[in-house]
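Q:
Protein chains: 2
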Amino acid sequence: MFKMDDRILVAVSGGKDSLALWDVLNRLEYKVDGLYIGLGIDGEGRYSHNSQEKAEAFAAEHNLHLIIEDVTKTLGASIPEAATLTHRGRGKPCSLCGLTKRHIMNRVGFHGGYDVLATGHNLDDEAAVLFGNTLNWQVGYLSRQSPVLEDNPTGFIRRAKPFCRFYERETAAYALLRGIEYIYDECPHAVGAKSIYYKELLNQLEADRPGAKLQFYLSFLKARGEGVFNIEQDQSGLDLKQCETCGQPTTIPGQCAFCRTWESVRARKQSG
Amino acid sequence: MFKMDDRILVAVSGGKDSLALWDVLNRLEYKVDGLYIGLGIDGEGRYSHNSQEKAEAFAAEHNLHLIIEDVTKTLGASIPEAATLTHRGRGKPCSLCGLTKRHIMNRVGFHGGYDVLATGHNLDDEAAVLFGNTLNWQVGYLSRQSPVLEDNPTGFIRRAKPFCRFYERETAAYALLRGIEYIYDECPHAVGAKSIYYKELLNQLEADRPGAKLQFYLSFLKARGEGVFNIEQDQSGLDLKQCETCGQPTTIPGQCAFCRTWESVRARKQSG
Chain W
11 MFKMDDRILV AVSGGKDSLA LWDVLNRLEY KVDGLYIGLG IDGEGRYSHN
61 SQEKAEAFAA EHNLHLIIED VTKTLGASIP EAATLTHRGR GKPCSLCGLT
111 KRHIMNRVGF HGGYDVLATG HNLDDEAAVL FGNTLNWQVG YLSRQSPVLE
161 DNPTGFIRRA KPFCRFYERE TAAYALLRGI EYIYDECPHA VGAKSIYYKE
211 LLNQLEADRP GAKLQFYLSF LKARGEGVFN IEQDQSGLDL KQCETCGQPT
261 TIPGQCAFCR TWESVRARKQ SG
Chain F
11 MFKMDDRILV AVSGGKDSLA LWDVLNRLEY KVDGLYIGLG IDGEGRYSHN
61 SQEKAEAFAA EHNLHLIIED VTKTLGASIP EAATLTHRGR GKPCSLCGLT
111 KRHIMNRVGF HGGYDVLATG HNLDDEAAVL FGNTLNWQVG YLSRQSPVLE
161 DNPTGFIRRA KPFCRFYERE TAAYALLRGI EYIYDECPHA VGAKSIYYKE
211 LLNQLEADRP GAKLQFYLSF LKARGEGVFN IEQDQSGLDL KQCETCGQPT
261 TIPGQCAFCR TWESVRARKQ SG
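So the protein sequences, as listed, match chains W and F. Take the position in the first sequence, starting the count at 1, then add 10; the result is the number in our numbering. Take the position in the second sequence, starting the count at 1, then add 10; the result is the number in our numbering.
1. Hey, does residue 201(F) have any beta-carbon neighbour from chain W nearer than 8 Å?
2. Specify the secondary structure class of residue 287(F) as computed by DSSP and reduced to three states.
3. Could you name the residues of chain F that residue 105(W) contacts, counting a contact when the two beta carbons are closer than 8 Å?
4. Tell me whether residue 172(W) is buried or exposed, calling it buried when 16 or more other Cβ atoms sit within 10 Å of its Cβ.
5. Between the region 202 to 216 of chain W and chain F, which residues of the former have CB atoms less than 8 Å from a CB of the latter, in chain order?
6. First and last residue of the beta strand (DSSP E) that includes residue 44(W)?
7. Are the C-beta atoms of residue 238(W) and some chain F residue less than 8 Å apart?
8. Determine, using beta carbons only, whether residue 139(W) comes closer than 8 Å to chain F.
9. Within 8 Å of any Cβ in chain W, is that where the Cβ of residue 229(F) sits?
10. Which full runs of the alpha helix (DSSP H) of 4+ residues lie inside the region 196 to 252 of chain W, going along the chain?
11. From residue 190(F) to residue 25(F), what distance separates their C-alpha atoms?
12. Which residues, in order along the region 87 to 118 of chain F, keep a beta-carbon less than 8 Å from a beta-carbon of chain W?
13. Would you give the residue range spanned by the beta strand (DSSP E) that residue 79(F) belongs to?
14. Comparing C-alpha positions only, which one of 275(F), 281(F), 262(F) sits nearest to residue 84(F)?
15. So for residue 87(W), helix, strand or coil by DSSP?
16. In whole angstroms, what is the alpha-carbon distance linking residue 51(W) and residue 28(F)?
17. Could one say the Cβ of residue 145(W) lies closer than 8 Å to chain F's Cβ atoms, at least one of them?
18. Going along the chain, which residues of its own chain have a beta-carbon closer than 6 Å to the beta-carbon of residue 243(W), five neighbours each way excluded?
19. What first and last residue would you give for the alpha helix (DSSP H) that runs through residue 154(W)?
20. Name the residues in the region 150 to 179 of chain W whose C-beta lies less than 9 Å from a C-beta of chain F; which are they?
21. Please decide whether residue 280(W) counts as near chain F, where near means a Cβ-Cβ distance under 8 Å.
22. Assuming residue 76(W) and residue 36(W) are in contact, meaning their beta carbons sit under 8 Å apart, how far apart are those beta carbons, in whole angstroms?
23. Give me the chain W residues within the contact set of residue 83(F), using Cβ-Cβ distance strictly less than 8 Å, ordered along the chain.
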């Protein structure tokens, strides 16, 4: 996944997976910085505030460099506020949040000169995504679900998920044994999310047939690696244009979805 | 699936799906005979005996031709007895039973001059098979799971599953409304079968997300039809040899799995 002289950027949420990943990569002596994205999810529970504290404390304790991007400051509204000002996601902020995080991670990673963006997705995460995509046979998504997505020279950074073969309970055990302080709460907006439903169903399967979750994911990777899916397998072959506003790669001509959405958020905020 | 002058052979188990299918095809004025395979599953409950009675009664009532193949008479042992004499299936007769039924159905269909073999598999059956194959990403099976499998000139009859888009509750409702007498019992050996476990899991998914089961199956068919799987899609392209004993097509040189298994069953029975 990585060469020893790669500059790695880890996307850090303050949760166990991403902090454990940062810890592992640092102990393996990779050159690895963190990126925390402040989403402004600060109603009851102060999710963003508390998770940022954990990320900052970890960086300070291990003398690591943490880049902080604050959505409210940079883009003009917090994620929950912006979600009320756009039709994207039908009231739920998750779609907007994912779009925004992907954009920021790629921008910081690509323009910061990093070789690879690492995220803390574990087996439970990946199996749930795979399960959702399989229930609807979304073959485009299936063919691009991979532990490593190679970069695209026009502007997508290489991406890697080093923990994708570890059960969530394994990353939790690692974080516990290493004494890593992380935020226990899930994002309050995740309640009722499809991904959580799929995780529960897969947990039931795993309880009845131990190993089924790993087998599901690994046999998928094997089939995918053998070229089973008859279409483009990664982002290197996508037909990409440059967004005329931000310059990031996009599959649609003109403005990318990120710029379009946030321009409309700011316009509505001013007029409203 | 069928032309009006096709000669159709319906595999009839005495259950609701296959009898409902026979009824529908007969009412639509297709030329359709039935095939009942006596498996000799006649411990407590007398499953085979009772299911044969239902099949015979239906044929008599509608003045239809029913072919009866008795495994014990033809092959020398009942399915449960044979299962104790072979290592196939590790004590469970289901693998041997499937192998045997597929062989007999193809032999009777092909040599009887039928154009197509129709089976009563419903959506619940197909979705459970699909689910099992997907959990292990068995792409060979996935690519051949289809409402219609075209024939292979060297000896595989065309196969069709006209009810594959109907929920089990729909075929049950049809059988009920038509007053079809069918056997309610499941095969006693099916208890604990993976397929039943998968059906239960999918039923839970369906209860939480109505339509999910149909969507899972239909989106699979759509993806498959679009050529997503990068391998042979049906039996017409298989590299087949002829079994040196029975002459039926097989993918392995020499004897087919059916002949090999039953020869060994008869040898053990004689010696044992």
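Yeah, the Cβ is synthetic: ideal placement off N, Cα and C, and Gly gets one too. Since the structure is predicted, the reported quantities are computational estimates derived from the model, not experimental observations.
A: Quick answer:
1. no
2. Past the edges of chain F, shown from 11 to 282, lies residue 287(F), and the structure says nothing about it.
3. Per Cβ cutoff of 8 Å: no residues; residue 105(W) is ~19 Å from chain F at best.
4. buried
5. 207, 211, 214, 215
6. 41 to 48
7. yes
8. no
9. yes
10. 204 to 218, 222 to 235
11. 10 Å
12. none
13. 76 to 80
14. 275(F)
15. coil
16. 56 Å
17. yes
18. Low per-residue confidence applies at residue 243(W): pLDDT is 47, beneath 50, and the placement is therefore not dependable, though the value from the model is reported in the following sentence. Hits under 6 Å: 153.
19. 149 to 154
20. 152, 153
21. no
22. 12 Å between Cβ atoms; not a contact.
23. Here the premise fails: no neighbours, minimum Cβ distance about 39 Å.
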